[in-house]
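Just below is one structure, and these are the notes that go with it.
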Amino acid sequence: MRDPFRPATPAARPITGSHPLPPPDQTRPPEPEHAPVRPPPPMVRHRENSSGFSAVPGSQPHLRRPESSASFDLTGRGSSSTGLRAEARHGWLGTTSISRTTRVAASSASGSNSGVVDANVYPHQADAIQAFAALFVREPASEVEIAQLAAICSRMTLSPGQALTVKGQPALVAYIVASGFARMELASDDHPLGAAALRAGDWAGEAVLSGDECHAHNIVAASDVVVFACERDDLLNLAQRMPQMAARMATAVVEQSMRRVRLQTNKMTHIAQAALGLAAVPPAEPTSSEGSSIGRLFSKLTGKGA
Amino acid sequence: MNVQQLRALPGWQRVTDAEGTGLVQAGGDRWIRAGQAVVEAGKPCVGPQLIASGEVQVLFEVADMGLAVVVLGPGDWIAPESAFDNTPPILGARALSDTRTLALPREQVERLRTMPQGVAVRLTRTLLQSQSKIAAALGEHAAPWLQRAHDKRQLSRADLTDLGMQRLVQPTQAVPMAGGQPASKQVEIIGHEGPAIAANFRPIR
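In the order they appear, the protein sequences are chains A and B.
When we follow this note's numbering, the leftmost residue of the first sequence carries the number 1, and every step to the right adds one.
When we follow this note's numbering, the leftmost residue of the second sequence carries the number 1001, and every step to the right adds one.
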């Protein structure tokens, strides 16, 4: 039986304008049926890798991409007013998938965390569908936009306690929580205090999107959490190509930030009200109701009714 | 405000004439005297306001006490959340100095966000920057608050003062007058930090 989450074969899904990226099977060499289980990529812990990436924002060089072998135009689709020209390059994607994950791992190691970068992100995966739908809950993004965003993301798995972002560290990578829970922590003298929970679709590392150089919050994994990591440079390139989508993404992040601010403010308000001896607002009393016919009959039988 | 003045603000240096004109014409200038409230917490707000000049203090207020969260300056947005949300703002804002803002109604924000030019990106990005600034500053204050609440079951007014809250309203001393002063003539001063300015008076009922 065919796995519904498994992408269709290239023969079943030819590359057309409606599919900006070729299916993953097409970008990778076929694996033997009983291929040995590959261990996950090693955690990158060095600050600077062999490619010469540094942690200084803005100084990160781009990897030289191989020559393209194919490209197609999406402008005929009608959804893009900016003349988006999506480049689906067979060899390009195949090598980029490796290069990108390496870059994200290097950036993450130098910036904040040491999670395992384990795969690419494809828009038809279950957690990707859920995460992107939750991220763009206000204004749903088009398939093309989601595919473009997924193309610059790398799947990353973190264990409880591992940090996604560290306050004051260079903001090189942003994360979209795909599954599991993360926690925003406030720095305290004794122990970190949980400020807000991040779930599927929540954005961690808003500094990457806003253009700030350093992260403003500590965010750690509260459970086994899968995140989609995207690099600052890739996001900026995407924003230049698709300004409407970038605006929608920023809107979503503002709303998420606003939700957390509201939560913190409510907590502080409760503390202050208790300290000042102000009575909490009593819950609204239920409105009087005559009840159902069975209820009225029961009340009549038991003699409690009017 | 005009496009040249807009270009002088952080985050808007590279705005084109068309984008800048569109933004400036979508909003309206507003002048606020030092000490006046720019945004009142819990009260309806038409939309975000871009600070063109002056300084504005964001305040967390409970009853008669307030906590200065952060000071915003030119290029920052006041009440950035009101761009997307109809609910009243949870944090108030008060002008520290004479301030000029560009008030952008929520409907205009929605219209600008759908425009194909880069103004949508600039607008949302600068809104995000201001929101992040406020959120980060509030986080700095929230940490000791939560820590104190965790350590001590019941906080007192002194604890709140220790945590940075200040009393906003100070009743005036009864002024001795010949023949006494009728209660209807008593006033209270809306206190504020900073240099002396003309105070607001209102009768105590």
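C-beta atoms are modelled at their ideal positions from N, C-alpha and C, and glycine is treated no differently.
Taken in chain order, the members of the stretch 1118–1135 of chain B whose beta-carbon sits within less than 7 Å of a beta-carbon on chain A are Gly1118, Ala1120, Val1121, Thr1124, Arg1125, Leu1127, Leu1128, Gln1129, Gln1131, Ser1132, Ile1134 and Ala1135. If you check each beta-carbon in the stretch 145–170 of chain A against every beta-carbon of chain B, none falls closer than 7 Å. Pairing Ala163(A) with Gln130(A), the inter-Cα distance amounts to about 23 Å.
Between Thr1101(B) and Arg1030(B), the alpha-carbon positions lie close to 5 Å from each other. When DSSP states are grouped into helix, strand and coil, Leu301(A) belongs to the helix group. Annotated as distal: Gln1057(B) and Arg1007(B), with beta-carbon spacing of 7 Å or more.
Arg1094(B) is outside the set of residues whose beta carbon lies under 7 Å from a beta carbon in chain A. In the DSSP assignment, Ile1032(B) is bridged to Thr1099(B). Annotation for Gln1166(B): the continuous beta strand (DSSP E) segment containing it runs Met1165 to Arg1167.
Shortest Cα-Cα distance from Arg138(A) to any of Ala126(A), Val227(A) and Gly201(A) involves Gly201(A). Taking a C-beta cut-off of 7 Å against chain B, the contacting residues of the stretch 216–250 of chain A are Ala216, His217, Ala239, Pro243, Gln244, Ala246, Ala247 and Ala250, listed in chain order. When CB distances to chain A are screened at a threshold of 7 Å, the residues of the stretch 1136–1152 of chain B falling below it are Ala1136, Leu1138, Gly1139, Ala1142, Ala1143, Trp1145, Leu1146, Gln1147 and Ala1149, in chain order.
The Cβ of Arg1113(B) sits closer than 7 Å to at least one Cβ of chain A. Annotation: Gln240(A) to Ala246(A) spans about 8 Å, alpha carbon to alpha carbon. The alpha helix (DSSP H) runs of length 4 or more contained entirely in the stretch 180–210 of chain A are, from start to end of the chain, 206–210.
Shown here for Ser1053(B): same chain residues with a beta carbon closer than 7 Å to its own, the five before and five after excluded, namely Pro1074, Thr1099 and Arg1100 in chain order.
Ile1090(B) has a beta carbon lying within less than 7 Å of a beta carbon in chain A. In the DSSP assignment, Phe132(A) falls within the unbroken alpha helix (DSSP H) covering Ala126 to Leu135. Contact of Ile176(A) with chain B is not assigned, every C-beta pair being separated by 7 Å or more.
Secondary structure at Arg155(A): strand, using DSSP grouped into helix, strand and coil. Here the alpha carbon of Pro123(A) sits roughly 12 Å from the alpha carbon of Arg155(A). In the structure shown, Gly1020(B) adopts helical secondary structure according to DSSP, grouped into three states. By the Cβ-count criterion, His1141(B) is buried, with 16 or more other Cβ atoms from all chains shown falling within 10 Å of its own Cβ. Around the beta carbon of Phe298(A), fewer than 16 other beta carbons lie within 10 angstroms, which makes this residue exposed.
With a contact defined as Cβ atoms closer than 8 Å, Val253(A) and Trp203(A) qualify at about 5 Å. Residue range Val1119 to Asp1151 is occupied by the alpha helix (DSSP H) that includes Gly1139(B).
In the DSSP assignment, Ala1063(B) falls outside any alpha helix (DSSP H), carrying neither H nor E. Glu231(A): member of the beta strand (DSSP E) spanning Val225 to Glu231, first to last residue. Residues of chain A whose Cβ lies closer than 9 Å to the Cβ of Gln1154(B) are, in chain order, Ala274 and Ala275. Arg1113(B) sits in a helix when the DSSP states are folded into three classes. Counting along the chain, the unbroken alpha helix (DSSP H) around Ala272(A) starts and ends at Pro243 to Leu276. Distance between Ala1120(B) and Lys1152(B), taken at the CA atoms: about 47 Å. Assignment of Val1046(B) by DSSP, reduced to helix, strand and coil, places it in the coil class. Remark: C-beta atoms of Ala207(A) and Ala171(A) approach each other more closely than 7 Å.
The beta carbon of Val137(A) sits no closer than 7 Å to any beta carbon of chain B.
Rounded to whole angstroms, the gap between the alpha carbons of Gly303(A) and Leu193(A) is 54 Å.
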